[in-house]
Amino acid sequence: MNAAEYEFTEDELGELLLASVRQIKMGKYAERQITNEAIEARQKTGLSQSAFAKVMGISVRTLQGWEQGRRKPTGAAATLLKIAARHPETVLELRS
Numbered sequence: 001m002n003a004a005e006y007e008f009t010e011d012e013l014g015e016l017l018l019a020s021v022r023q024i025k026m027g028k029y030a031e032r033q034i035t036n037e038a039i040e041a042r043q044k045t046g047l048s049q050s051a052f053a054k055v056m057g058i059s060v061r062t063l064q065g066w067e068q069g070r071r072k073p074t075g076a077a078a079t080l081l082k083i084a085a086r087h088p089e090t091v092l093e094l095r096s
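According to the UniProt record's numbering, the sequence shown is numbered sequentially starting from 1.
Here it is, written out as structure tokens:
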């Protein structure tokens, strides 16, 4: 069931909102982290965008597109990012 399927009165919505605010004030909330494999992989290597793009064999613009979520790596590039995230030392070895 999604939010569009619920029907609440104004009073019910107000109560739900107040309850949510109370929970936040008491520290009862979940932090949400959005992960991006390109950012994660590059940060684990400690490389700049240009250095990481060079090792990956892609343009800086392509990497920026991945990191900004405008583009999504596919195929071999997606696999390389997974390897880079799990084994950053491998990427650093390729750099030399």
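Even glycine gets a Cβ: it sits at the ideal position worked out from N, Cα and C.
Can you tell me where the alpha helix (DSSP H) with residue i in it begins and where it stops?
i	result
LYS44	37-45
GLN23	10-25
Does residue i have its Cβ less than 8 Å from a Cβ in chain B?
i	result
THR90	No chain B appears in this structure, which consists of one protein chain only.
Assign residue i to buried or exposed, taking buried as 16 or more other Cβ atoms, counted over all protein chains shown, within 10 Å of its Cβ.
i	result
ARG61	exposed
ALA78	exposed
LEU63	buried
LEU81	buried
ARG56	The identity of residue 56 in the sequence shown is Met, whereas the question assumes Arg. MET56 should be labelled buried.
MET1	Any answer about MET1 is weak, because its pLDDT of 45 lies below 50 and its placement is not dependable; what the coordinates show is given next. It counts as exposed.
Thinking C-alpha only, which one of the options is nearest residue i?
i	options	result
GLU67	GLY27, PRO88, ARG95, GLN43	GLN43
LEU92	TYR6, GLU37, PHE52, ALA30	PHE52
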